[in-house]
Each structure stands twice: as C-alpha cells, then as structure tokens.
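Scroll down for the structure; my scribbles are underneath it.
Number of protein chains: 2
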Amino acid sequence: MFPRPSLRMAARLTFWFEFASTYSYLSAMRIADAATAAGVRVIWRPFLLGPIFAAQGWPDSPFNIYPAKGRYMWRDLARRSALYGVPFRQPETFPQNGVLAARVAQLALFRPQGPAFVRAVYGAQFADGADIAERTTIAACLDRAGLPQHFLDDAGSPDNKAALRRATETAMQMGLFGAPSFTVDGELFWGDDRLEDALRHAFRQTRTAGA
Amino acid sequence: MFPRPSLRMAARLTFWFEFASTYSYLSAMRIADAATAAGVRVIWRPFLLGPIFAAQGWPDSPFNIYPAKGRYMWRDLARRSALYGVPFRQPETFPQNGVLAARVAQLALFRPQGPAFVRAVYGAQFADGADIAERTTIAACLDRAGLPQHFLDDAGSPDNKAALRRATETAMQMGLFGAPSFTVDGELFWGDDRLEDALRHAFRQTRTAGA
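Top to bottom, those sequences are chains A and B. The first sequence begins at 1 in this note's numbering and counts up one residue at a time. The second sequence begins at 212 in this note's numbering and counts up one residue at a time.
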C-alpha cells in the first residue's frame with residue numbers, strides 16, 4: 001500500500017517543563033526550532049517538580065542535596081549552553097519558586113505567544129539573573145511576549161490553580177520523575193539530551209500509524 | 212606560526228567505568244570506535260561506585276531506591292542499545308557485584324586485549340544474562356579476550372586490591388559521582404550521553420596546546 005499523506009496525523013510530542021529546572025531551560029530555548037526541523041508539533045505543559053521530589057523523599061533539589069552532582073550540573077550547563085549558543089549565567093538563587101510563572105504560562109499557552117512567554121521567563125532567570133518568583137519579573141515577561149497584564153491576576157483563579165495541580169498529578173501518573181521530560185503516546189523521554197530521541201520517536205510513530 | 216605535528220601531544224581521555232553500571236555498558240561497547248574516529252586515545256579505568264554511593268547516603272543503586280527512575284532507565288537503555296546496535300537483555304540481578312571483574316580488568320588493561328576483556332564482561336552481563344560475580348563467568352571472559360587464567364588469582368593480590376581502592380578514591384577526589392564518567396585534564400563529563408562532548412573537548416584541548 002502507498003502511504004496516504006492526507007490520512008496522516010501530525011506527529012505530536014508533549015514537552016513537560018518546570019521553571020526552576022536548569023535543563024528545562026536548554027530544551028525551552030531550542031525545542032521550537034528542533035521540532036519544526038523534525039516535522040513534529042509541540043504541546044507545552046508546565047508542571048511542578050516540588051511535589052514529585054517530595055514523594056521521592058527530597059526536600060530540596062537533588063543538585064543541592066548532592067554537592068558533587070550540583071557542582072557538575074552548573075559546569076555541564078555552561079558547556080551545553082555554549083554548544084547550543086544559548087546565553088547562560090548562574091542565578092544567585094536556586095532553585096527559584098516557579099509557581100506563579102507556571103500558573104501564568106498555563107494561560108499564556110492558550111495563545112500563539114505562549115512559547116515566547118515561556119522563553120522570556122527562562123531567559124530572565126538563567127540569562128539575566130532575575131528572580132522569577134517576583135511579580136514584576138513575570139509582568140515584564142508578559143510585556144516582552146506581547147501578552148496582557150491581567151494574566152497575572154487571572155493566574156490565581158481556583159480553576160487555574162487546580163489545573164496546575166492536575167498537570168503535576170498527571171505527570172506523576174505517567175512516570176515522570178524529573179524535568180524536562182517528553183512524552184509521545186505514553187512513551188517517556190527524560191532530559192534535554194533525549195530531546196532528539198523523543199522527536200525521532202514522534203516522527204516515526206506517526207509515519208507507522210499513517211502508512 | 213604553523214602547527215608542528217611532531218610537538219603535538221596525542222589527545223587523551225580517561226574513561227571511568229563501573230561494571231555494575233548500565234550506562235557504562237553502552238560506553239564500553241562504543242568508545243573504542245568513537246575515540247578512533249575522533250583521534251583521541253582512551254585510558255580505561257575501572258572503579259567502584261559502591262563507596263561513592265554510600266558517601267551520598269545510598270545503600271543501593273539509585274535506580275532501585277527510586278522505582279520511577281529505575282523503570283525509566285531500563286526502557287531508556289533498551290532504546291539506546293537499539294540506537295547504537297548493541298545487544299541488550301535486562302539481567303535478573305541488578306546491580307551485580309563487579310569487584311572481581313574490576314580487579315581482573317586492572318591486570319587485563321596492561322595488555323592490548325584489555326578493552327576486549329572489558330567488553331566481554333559487559334556483554335556477559337547485559338547481553339547474555341550471566342552473573343559477573345561468578346568466577347566461571349570471568350574465566351570465560353579471559354578466554355574470549357585471549358588472556359591467561361592466572362589473572363583470576365593474581366587479581367586478589369594485596370597490591371592489586373589496593374590499586375582499585377586508590378582508583379575509587381581518585382575518582383571521588385576528581386568529583387565523580389556516577390558512571391560512566393570521562394575526564395580530560397581534570398574536566399569532568401558524566402554519562403554515556405556526554406561521550407561525544409568529552410571526545411570533542413579532548414581533541415580541541417590538544418589542538419590548542421599543540422598549535
């Protein structure tokens with residue numbers, strides 16, 4: 001049989017990110033171009049690592065709990081940023097509280113400017129040295145992405161707060177234990193260094209289903 | 212000035228591996244070809260993760276302590292093995308005791324057949340389902356690599372045992388916290404997915420020093 005392009009579903013990948021996560025920064029900055037090149041559509045999903053780490057018995061980032069791992073991570077992140085041409089400066093506070101940013105991102109991602117907002121928040125934290133827990137930082141990121149300031153207040157609605165809790169529960173049920181993660185039809189990929197594997201899997205999956 | 216090839220030191224990278232480590236398996240199977248292609252010489256160094264994990268408060272492999280992480284690792288390992296064309300079958304026992312294998316490897320690596328012995332041990336564990344803590348398994352690996360059986364007894368000498376303890380202490384002093392790791396003049400790279408970064412760094416380092 002010949003493949004029938006009109007019956008093919010677009011290849012889709014869900015990108016799970018946590019604003020406090022350093023390697024999520026790398027993926028956030030490069031996923032749009034990488035996915036376009038691979039012919040894959042990206043669903044951006046913010047979630048919170050805090051409750052997932054707590055369930056594993058970690059009261060803090062493992063990069064703080066295990067100093068050798070933490071020292072290595074900052075060095076590796078600087079090297080990988082350089083490799084990808086992404087600006088990087090180690091923030092004074094780590095991890096930062098990304099709850100407000102995640103709540104606003106949920107609203108922003110209903111708009112085409114959503115990814116630009118997400119990148120603005122990551123850039124504020126890991127390139128400009130700002131604190132993303134500050135309302136003024138998030139306000140500036142909304143401006144930069146061309147999104148309305150009222151998202152800051154809307155983000156605190158009970159529905160929107162519940163949606164972020166649900167996203168985190170869904171992540172845990174799908175077996176996520178870190179960020180960034182990528183899922184394609186229930187298949188899980190963890191870490192910025194698995195982005196290419198995940199995109200390849202999404203592309204192949206669709207080709208098989210559509211042939 | 213023109214570069215003077217005769218004055219250039221060969222690019223060198225130290226490959227730190229633990230026989231119980233799943234991702235060390237992938238690196239062990241592919242590093243020889245990858246390093247040759249990159250023009251880098253590899254120093255193979257077995258060490259033990261047990262004392263390093265114990266210092267971080269882990270009485271077992273983190274893949275056993277954190278089940279979500281463990282489930283993911285086996286899936287990821289199967290996918291990555293397929294990607295590299297490396298045979299893979301999940302062993303019944305994990306982690307296995309690799310102390311005897313590491314002691315014998317130290318002696319084997321004084322001979323040109325050393326890397327072949329290391330690959331034979333990893334293959335026995337992760338492709339053939341054997342237990343590398345068994346003396347008979349290691350005996351068969353020596354045979355396969357064309358190395359003498361008396362290495363099995365020689366491996367238990369006080370000097371050789373002390374050498375493995377020293378290797379592990381050196382690893383910890385260099386900031387190693389997992390395996391595989393790669394070091395190039397004190398610069399640390401962790402994980403099979405950083406092998407290419409490490410080789411590139413080794414190659415560049417030498418080019419800069421020798422130019």
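Where is the CB? At the ideal position from N, CA and C, for every residue including glycine.
Cα-Cα separation between residue i and residue j, rounded to whole angstroms
{"i": "MET212/B", "j": "GLN416/B", "result": "Because MET212/B sits at a pLDDT of 45, beneath the cut-off of 50, its placement in the model cannot be relied upon, and the following sentence gives the value as read from the coordinates. Spanning the two alpha carbons is a distance of roughly 18 Å."}
{"i": "LEU406/B", "j": "GLN106/A", "result": "37 Å"}
{"i": "ALA350/B", "j": "PHE264/B", "result": "28 Å"}
{"i": "ARG89/A", "j": "LEU100/A", "result": "22 Å"}
{"i": "THR93/A", "j": "THR22/A", "result": "12 Å"}
{"i": "ARG346/B", "j": "LEU363/B", "result": "8 Å"}
{"i": "LEU7/A", "j": "ILE43/A", "result": "Residue confidence is low: LEU7/A scores 47 on pLDDT, short of 50, so the model does not pin down where it sits. Its coordinate-derived value is still stated next. If I take the Cα positions, the gap works out to 21 Å."}
{"i": "ALA289/B", "j": "ASP192/A", "result": "19 Å"}
{"i": "VAL329/B", "j": "GLY397/B", "result": "24 Å"}
{"i": "GLY266/B", "j": "ASP370/B", "result": "Gly is not the amino acid found at residue 266/B; the sequence shown has Ala there. Roughly 24 Å separates the two Cα atoms."}
{"i": "ALA319/B", "j": "ALA28/A", "result": "45 Å"}
{"i": "THR137/A", "j": "ARG166/A", "result": "25 Å"}
{"i": "ARG411/B", "j": "ALA34/A", "result": "22 Å"}
{"i": "LEU375/B", "j": "TYR122/A", "result": "44 Å"}
{"i": "THR247/B", "j": "ASP76/A", "result": "24 Å"}
{"i": "LEU237/B", "j": "PRO278/B", "result": "21 Å"}
Whole-angstrom C-beta distance between residue j and residue i, which should lie under 8 Å
{"i": "ARG80/A", "j": "GLY386/B", "result": "Not confirmed; about 17 Å, so no contact."}
{"i": "PRO180/A", "j": "SER24/A", "result": "4 Å"}
{"i": "ALA120/A", "j": "CYS141/A", "result": "4 Å"}
{"i": "ALA243/B", "j": "PRO326/B", "result": "6 Å"}
Chain-order list of residues whose beta-carbon lies under 6 Å from that of residue i (same chain, five-residue window excluded)
{"i": "SER272/B", "result": "PRO306"}
{"i": "ARG207/A", "result": "none"}
Cβ neighbours of residue i in the same chain (closer than 7 Å, five flanking residues each side left out)
{"i": "PRO91/A", "result": "GLN125, PHE126 and GLY129"}
{"i": "ALA198/A", "result": "LEU13, PHE182, VAL184 and PHE189"}
{"i": "PHE414/B", "result": "ALA222, ALA249, GLY250 and VAL251"}
{"i": "ILE65/A", "result": "TRP58"}
{"i": "GLY296/B", "result": "none"}
{"i": "GLN113/A", "result": "ALA145, GLY146 and LEU147"}
{"i": "PHE274/B", "result": "LYS280, GLY281 and MET284"}
{"i": "ARG256/B", "result": "THR225, PHE226, TRP227 and ALA378"}
Per-residue burial, residue i [other beta carbons within 10 Å of its own, 16 or more giving buried]
{"i": "ASP373/B", "result": "Looking at the sequence shown, residue 373/B is not Asp but Ala. It counts as exposed."}
{"i": "PHE321/B", "result": "exposed"}
{"i": "ARG314/B", "result": "buried"}
{"i": "SER157/A", "result": "exposed"}
{"i": "GLY178/A", "result": "buried"}
{"i": "GLY146/A", "result": "exposed"}
{"i": "PHE17/A", "result": "buried"}
{"i": "ALA382/B", "result": "buried"}
{"i": "ASP354/B", "result": "exposed"}
{"i": "LEU294/B", "result": "exposed"}
{"i": "PRO361/B", "result": "It should be pointed out that residue 361/B corresponds to His in this sequence rather than to Pro. The residue is exposed, with fewer than 16 neighbouring Cβ atoms inside 10 Å."}
8 Å Cβ shell around residue i - same chain, five flanking residues per side excluded
{"i": "ASN97/A", "result": "ALA20, ILE132 and ALA133"}
{"i": "THR379/B", "result": "PHE258, LEU259, PRO262 and ILE263"}
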